[in-house]
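Asker: Just passing along the structure, written as structure tokens.
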Amino acid sequence: MSPGDAAPVADLSDRELLALHVDGDDQAFAELFRRHKDRMWAVALRTVRDPELAADCVQDGFIAAFRRADSFRGEAAVTTWLHRIVVNACLDRLRRRRPTAELPEYELADRHDHHASTEVRLDIREALARLPEGQRAALVLVDMHAVPVAEAAVILGVAEGTIKSRCARGRAALAQHLGLTPGVRPVEHD
Numbered sequence: 274m275s276p277g278d279a280a281p282v283a284d285l286s287d288r289e290l291l292a293l294h295v296d297g298d299d300q301a302f303a304e305l306f307r308r309h310k311d312r313m314w315a316v317a318l319r320t321v322r323d324p325e326l327a328a329d330c331v332q333d334g335f336i337a338a339f340r341r342a343d344s345f346r347g348e349a350a351v352t353t354w355l356h357r358i359v360v361n362a363c364l365d366r367l368r369r370r371r372p373t374a375e376l377p378e379y380e381l382a383d384r385h386d387h388h389a390s391t392e393v394r395l396d397i398r399e400a401l402a403r404l405p406e407g408q409r410a411a412l413v414l415v416d417m418h419a420v421p422v423a424e425a426a427v428i429l430g431v432a433e434g435t436i437k438s439r440c441a442r443g444r445a446a447l448a449q450h451l452g453l454t455p456g457v458r459p460v461e462h463d
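Per my numbering, residue 274 is the first one in the sequence shown, and the count goes up by one each step.
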């Protein structure tokens with residue numbers, strides 16, 4: 274095939290782009306990044322709850338994917354592989370960033386704000402922040418990004434049953450933190 278016969282990178286599948294990248298094409302990975310950066314950033318943001326840290330995690334994840342593209346075995350979708358790398362980058366950053374002392378809690382919004390949807394979002398964000406990393410990551414993928422349980426299991430590197438139990442415990446804890454189930458104490462382990 275001559276260079277003029279090649280399809281534009283935008284017309285290629287993710288698998289084809291990754292294969293081209295491994296073969297040395299300098300445009301293929303850029304197209305993968307363009308296609309998936311926003312979704313990966315959304316996952317990172319919900320996982321780490323900090324826009325700057327999320328951007329760093331996405332950068333770490335895509336650099337790792339760029340460097341380790343030849344390790345992609347094709348057993349899952351390229352997006353599943355990217356999710357796993359970005360989530361792992363998030364969890365690595367969170368582990369390194371844990372404070373040694375409790376930080377004071379700051380009010381995120383004026384409680385006199387009359388926009389109920391904003392208050393609900395802030396309440397949910399705060400409740401998510403209280404969950405253990407495993408539960409939060411499972412809920413972000415399954416409930417917020419509609420990733421199937423099987424795919425979330427691959428992304429997080431755990432069994433499907435683990436994803437299901439983390440989601441169930443996370444949902445119960447969220448309900449408790451949001452005051453939706455009086456008298457039920459949230460499960461804080463995982």
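Where a beta carbon is used, it is the ideal one built from N, C-alpha and C, also for glycine.
Helix, strand or coil for Phe306 per DSSP?
Answerer: Taking the sequence shown and counting its residues from 1, one reaches residue 306 at position 33. Phe306: helix per DSSP, three-state reduction.
Asker: Quick test of the definition: if touching needs 3 or more C-beta pairs under 8 Å, does the stretch 392-408 touch the stretch 353-360?
Answerer: Here the stretch 392-408 does not lie against the stretch 353-360, with fewer than 3 beta-carbon pairs under 8 Å apart.
Asker: What distance in whole Å lies between the Cβ atoms of Val427 and Ala349, which are believed to be in contact at a cut-off of 8 Å?
Answerer: On the sequence shown, position 76 is the one that residue 349 refers to. On the sequence shown, position 154 is the one that residue 427 refers to. Contact flag correct, Cβ pair sits at about 5 Å.
Asker: Pull up the distance between the alpha-carbon of Val431 and that of Glu304, whole angstroms please.
Answerer: Taking the sequence shown and counting its residues from 1, the one referred to as residue 431 is at position 158. Taking the sequence shown and counting its residues from 1, the one referred to as residue 304 is at position 31. The alpha-carbon atoms of Val431 and Glu304 are separated by roughly 29 Å.
Asker: Exposed or buried, what is Met417 when buried is set at 16 or more other beta-carbons lying within 10 Å of its beta-carbon?
Answerer: In the sequence shown, residue 417 corresponds to position 144, counting from 1. So Met417 ends up on the exposed side.
Asker: Return the residue from the list Ala292, Asn361, Ala327 that minimises the CA-CA distance to Arg346.
Answerer: As a working note, residue 346 is residue 73 in the sequence shown. Nearest of Ala292, Asn361, Ala327 to Arg346, Cα basis: Ala292.
Asker: State the Cα-Cα distance for the pair Arg288 and Pro281, rounded to the nearest angstrom.
Answerer: Against the sequence shown, residue 288 aligns to sequence position 15. Against the sequence shown, residue 281 aligns to sequence position 8. Straight-line spacing of the CA atoms in Arg288 and Pro281 works out to 14 Å.
Asker: Are the beta-carbon atoms belonging to His294 and Ala283 less than 8 Å from one another?
Answerer: The residue given as residue 294 occupies position 21 in the sequence shown. The residue given as residue 283 occupies position 10 in the sequence shown. No, the pair does not count as a contact, with Cβ atoms beyond the cut-off.
Asker: By DSSP, does Asp383 sit in helix, in strand, or in coil?
Answerer: Taking the first residue of the sequence shown as 1, we reach residue 383 at position 110. Unreliable placement is indicated for Asp383, whose pLDDT of 48 sits below 50; no coordinate value is reported for it.
Asker: Smallest Cα separation from Thr435: which of Val351, Ala448, Leu412, Gln332?
Answerer: Residue mapping note: residue 435 aligns to position 162 of the sequence shown, counting from 1. Selected option, being the one with the closest Cα: Leu412.
Asker: So for Phe345, helix, strand or coil by DSSP?
Answerer: Looking up residue 345 in the sequence shown gives position 72. The answer is coil: DSSP assigns Phe345 none of H, G, I, E or B.
Asker: Run the CB neighbour count on Leu404, radius 10 Å, all protein chains shown included, and call it buried at 16 or more, exposed below.
Answerer: Start at 1 with the first residue of the sequence shown, and residue 404 comes out as number 131. Per the 10 Å Cβ criterion, buried.
Asker: Give the straight-line distance between the Cα atoms of Asp343 and Val422, rounded to the nearest whole angstrom.
Answerer: As a position in the sequence shown, residue 343 is number 70, starting the count at 1. As a position in the sequence shown, residue 422 is number 149, starting the count at 1. Roughly 26 Å between the two C-alpha positions.
Asker: What do you get for Leu451, buried or exposed, if any count of 16 or more other CB atoms within 10 angstroms of its CB means buried?
Answerer: Within the sequence shown, numbered from 1, the residue matching residue 451 stands at position 178. Exposed: under 16 other Cβ atoms inside 10 Å.
Asker: Smallest Cα separation from Gln408: which of Thr320, Val420, Gly334?
Answerer: By 1-based counting over the sequence shown, the position of residue 408 is 135. Cα-wise, what sits closest to Gln408 is Thr320.
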